[in-house]
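Trainee:
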Amino acid sequence: MNIVRHKRLGRIAACTAIALTAGMALAGPASADAPVAPKAPSENVQPAAPQPTGVIPGGTRTGLATAGVKDVAPPLFDVNHDGTHDLLYRSGTKHYLKDFQDDDAEFSLQIGEDSAYKDVIPAGDMDGNANPELLTLSVTGELSLHEVSSTDGVWSSNWRGRGWTIYNKVVGAGDLTGDGRPDLLARKHNGELYLYAATGNLYAPYRAAVKIGAGWGAYDQLVGGSDVTGDGIGDLLARTPSGNLYRYTGTGNASAPFRAAAKIGYGYQVYNQMLAVGDANGDGFADYLARDLSGTNWFYPGKSGGTVAGRLKSGTNWQHTDLFAGQGGIADHGKAGIAARSTGNTLFRYVSKADGKFYSRYKWSDDGGWPDFAPITFASSLTDNPFGSFMYVYQGRLYHGESDLGAGWGGFNALVGVGDLTGDGKGDLLARTSGGTLYLYHGNGAGTALGSKTGIGAGWGAYNKLLGAGDFTGDGRADLIARTSGGTLYLYPGTGVAKAPFKTRVKIGTGFGIYNKMAAAGDMTGDGRADLVGTDSAGNLWRYSATGLGGSATLSKRVSLGNGWGIYKNLY
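Count along the sequence shown from 1, then add 10; that gives the number in our numbering.
Take a look at the structure:
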């Protein structure tokens with residue numbers, strides 16, 4: 011896989027808090043002896059990654075099921091018409107298509123003119139012409155339907171619908187109504203689940219949403235698009251954060267599409283993503299893939315009774331994949347790593363993998379190119395790009411790439427970009443005054459301007475660190491983390507409402523005063539939830555990952571990421 015160089019820092023992505031010391035930025039106009047403006051990083055480098063491997067162990071399916079074996083519902087995404095599900099995944103900004111029956115058959119698949127989608131959902135063959143449809147979801151909530159006729163690429167869109175930011179997960183569900191057409195499920199942030207029944211018309215593909223239940227926020231993975239019981243009707247798998255796996259058997263009745271949950275396994279918390287792959291081995295039962303933290307994919311064959319057999323190793327090197335089409339967890343968007351400034355004022359960039367670690371660093375500025383008089387913020391993306399937004403204050407003005415976002419920013423002692431706080435899918439910015447008042451600035455989705463400020467409240471001076479990049483609570487909304495001078499860590503869950511962007515704080519830890527540098531890295535573990543890193547006085551770097559859901563969200567035990575990090579003045 012070749013190194014891909016991306017456009018300017020304004021199209022990077024992620025959120026990190028930084029304390030901006032009062033007086034560091036010059037408030038007055040430039041003068042003859044004013045410091046020379048720093049040069050912002052102009053490139054974001056996607057590290058080279060080995061090609062992942064992946065075949066179905068013992069798979070023999072080359073079309074219809076073998077003689078005497080009942081054929082289940084067709085796979086949702088069979089591009090080459092061989093009767094098996096094809097795996098579509100993203101690495102960096104490129105999408106790849108892999109044939110499970112041939113480990114060497116892999117194609118780079120261009121989807122439209124831009125690959126910066128928040129999620130990609132296999133929809134199935136909706137009009138019965140044997141070509142599967144694919145749904146793409148933008149960060150601003152536009153859902154688009156594409157017909158995929160070959161491995162050459164997907165350019166046209168048959169239908170577009172807006173307003174899908176009201177959901178935190180969209181699932182290709184297979185046929186839930188018994189009419190032979192693959193349907194769609196969508197879950198709201200409050201856990202309500204809705205059914206969109208398919209029409210068969212690619213230009214008006216779904217009927218109006220029908221609420222089919224509540225309480226679905228209890229699951230951190232929803233895996234649709236399979237026929238576990240072999241009756242031709244779609245079934246749904248759901249996993250809790252503790253690792254319990256449940257099957258919801260399809261009924262074929264649109265008003266009550268699922269029977270009561272049946273527990274079919276436990277211990278599945280070791281996987282950061284699960285996905286359906288149809289009847290991959292040709293035995294008449296739907297199968298599944300699950301990726302663990304090391305990047306190994308495991309194959310779970312379906313078996314009689316709607317359960318799954320013991321796992322089989324299916325491939326390695328999948329930690330470089332940041333999105334599977336049809337994955338069970340909520341897709342992450344926004345940062346993909348951290349920035350670091352050395353004691354010699356040189357910037358370095360660390361891009362994260364889905365195994366909780368970073369790729370090797372690369373230099374992101376000229377030697378000594380980032381002096382103290384230009385405070386830095388590395389925010390969760392202000393654009394649709396998933397790599398974070400590098401920002402800095404110079405002579406009181408705030409810059410994002412080549413965009414001048416205006417004057418008056420020298421009066422703030424903290425700037426934090428945790429992601430979308432208003433529910434429109436556009437990254438926003440938080441700013442704290444020296445008096446402890448916090449303001450919210452609305453992003454425009456392009457990183458070229460910020461809206462007028464909205465007051466959040468006073469008293470935020472009680473914290474010596476504000477940070478965040480994405481979702482810590484598992485509901486798909488961006489959250490804020492705050493540390494007191496005593497080292498207590500509090501979580502402020504996001505609401506998606508601009509006038510009141512945070513719920514009441516929740517205490518999630520103590521003893522965090524031992525870290526002289528902390529940063530929010532976005533999702534480092536591939537599960538869609540945000541992670542934190544901190545450096546202690548000895549220069550050791552530690553990772554904390556979000557666990558649990560909603561009000562019970564916590565941080566995991568810390569994991570060592572190595573030493574030698576004392577060479578940096580700060581992490582962002």
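For glycine and all other residues, C-beta sits at the position ideal for the given N, C-alpha and C.
(1) If TYR404 and ALA384 are in contact, beta carbons under 8 Å, what's the gap, nearest whole angstrom?
(2) Do ALA103 and PRO396 have their C-beta atoms closer together than 9 Å?
(3) So what's ALA530 in DSSP terms, helix, strand or just coil?
(4) Cα-Cα, which of ASP297, ILE66 and ASP414 is closest to GLY234?
(5) Just to confirm my understanding: we take GLY225, look at its own chain, exclude 5 residues before and 5 after, and list those with CB closer than 6 Å. What are they?
(6) So does the segment 525–538 actually touch the segment 355–373, counting three or more Cβ pairs closer than 8 Å?
(7) Am I right that ASP293 and PRO311 are in contact with their C-beta atoms under 8 Å? What's the rounded C-beta distance?
(8) Would you kindly work out how many angstroms separate the C-alpha atoms of GLY484 and ASP230, rounded to a whole number?
(9) Considering only their Cβ atoms, is the gap separating PRO62 from GLY223 smaller than 9 Å?
(10) Hey, quick one: how far does the beta strand (DSSP E) through ALA424 stretch, first residue to last?
(11) Secondary structure at GLY182, three-state DSSP: helix, strand or coil?
(12) Compare the Cα-Cα distances from THR250 to each of LYS198, PHE87, SER562 and ASP185 and report the closest residue.
(13) Excluding the 5 residues preceding and the 5 following ARG371 in the sequence, name in chain order all residues of the same chain whose CB lies nearer than 8 Å to its CB.
(14) Determine the burial state of PRO503: buried for a count of at least 16 other Cβ atoms within 10 Å of its Cβ, exposed for fewer.
(15) In three-state terms, what does DSSP make of ALA468?
(16) So, for ASN168: in the same chain, excluding its five sequence neighbours on each side, which residues have a beta-carbon less than 8 Å away from its beta-carbon?
(17) So what does DSSP say about HIS343, is it helix, strand or coil?
(18) Let's test the definition: count the other Cβ atoms within 10 Å of the Cβ of ASN282 and tell me whether it reaches 16, buried, or not, exposed.
(19) Quick check: what's the CA-CA separation for ALA335 versus VAL180?
(20) Going by DSSP, what residues sit across from ARG172 in a beta bridge?
(21) For GLY316, count the other beta carbons within 10 Å of its own beta carbon; 16 or more makes it buried, fewer makes it exposed. Which is it?
(22) Could you give the residue range of the beta strand (DSSP E) that holds GLU202?
(23) ALA228 by DSSP, collapsed to three states: which one?
(24) On the DSSP bridge list, what partners appear for ILE121?
(25) Would the segment 472–479 and the segment 411–431 be scored as touching if the rule is three or more Cβ pairs under 8 Å?
(26) What are the residues that DSSP puts in a beta bridge with TRP552?
(27) Grouping DSSP H, G and I as helix and E and B as strand, with all else coil, what is SER101?
(28) I'd like the span of the beta strand (DSSP E) that includes PHE358, first residue to last.
(29) Near ALA319, which residues of its chain fall below 6 Å by C-beta distance, leaving aside the five closest residues on each side in sequence?
(30) Who are the near neighbours of GLY262 in its chain, counting only those whose CB is closer than 6 Å to its CB and skipping five residues on each side?
(31) If I follow the unbroken beta strand (DSSP E) through THR326, where does it start and stop?
(32) Three-state secondary structure (DSSP) at VAL220?
(33) Which first and last residues belong to the beta strand (DSSP E) in which MET136 is found?
(34) Leaving out five residues on either side along the sequence, give the residues of the same chain with a beta carbon under 8 Å from the beta carbon of HIS91.
(35) Tell me whether HIS95 sits in a helix, a strand or coil according to DSSP, three-state version.
(36) If you pair each beta-carbon of the segment 449–459 with each one of the segment 427–441, do three or more pairs fall below 8 Å?
Mentor: So, from the data block:
(1) Correct: roughly 5 Å between the Cβ atoms.
(2) As written in the sequence, residue 103 is Thr, which differs from the Ala given in the question. Contact flag set, yes.
(3) strand
(4) ASP297
(5) Contacts found: GLY201.
(6) Taking 8 Å as the limit for Cβ pairs, the verdict is that the segment 355–373 does touch the segment 525–538.
(7) 7 Å
(8) 7 Å
(9) no
(10) It spans 422–429 - the beta strand (DSSP E) in which ALA424 sits, taken as one unbroken run.
(11) strand
(12) SER562
(13) ALA350, PHE358, ARG359 and TYR360
(14) When all chains shown are included, PRO503 counts as buried.
(15) coil
(16) GLU143, LEU155, HIS156, GLU157, LEU212, TYR213 and PRO215
(17) coil
(18) buried
(19) 11 Å
(20) Answer is none; ARG172 lacks a bridge partner.
(21) buried
(22) Careful: GLU202 lies outside any beta strand (DSSP E) and carries neither H nor E.
(23) helix
(24) VAL164
(25) Under the three-pair Cβ rule at 8 Å, the segment 472–479 counts as touching the segment 411–431.
(26) GLY544 and SER570
(27) strand
(28) That run of the beta strand (DSSP E) goes 357–361.
(29) PRO311 and LYS313
(30) GLY188 and ILE243
(31) No beta strand (DSSP E) holds THR326; DSSP gives it neither H nor E.
(32) The DSSP-derived three-state label of VAL220 is strand.
(33) No beta strand (DSSP E) contains MET136, which DSSP labels as neither H nor E.
(34) ALA140
(35) Residue state, collapsed to three classes: coil.
(36) The segment 449–459 is in contact with the segment 427–441.
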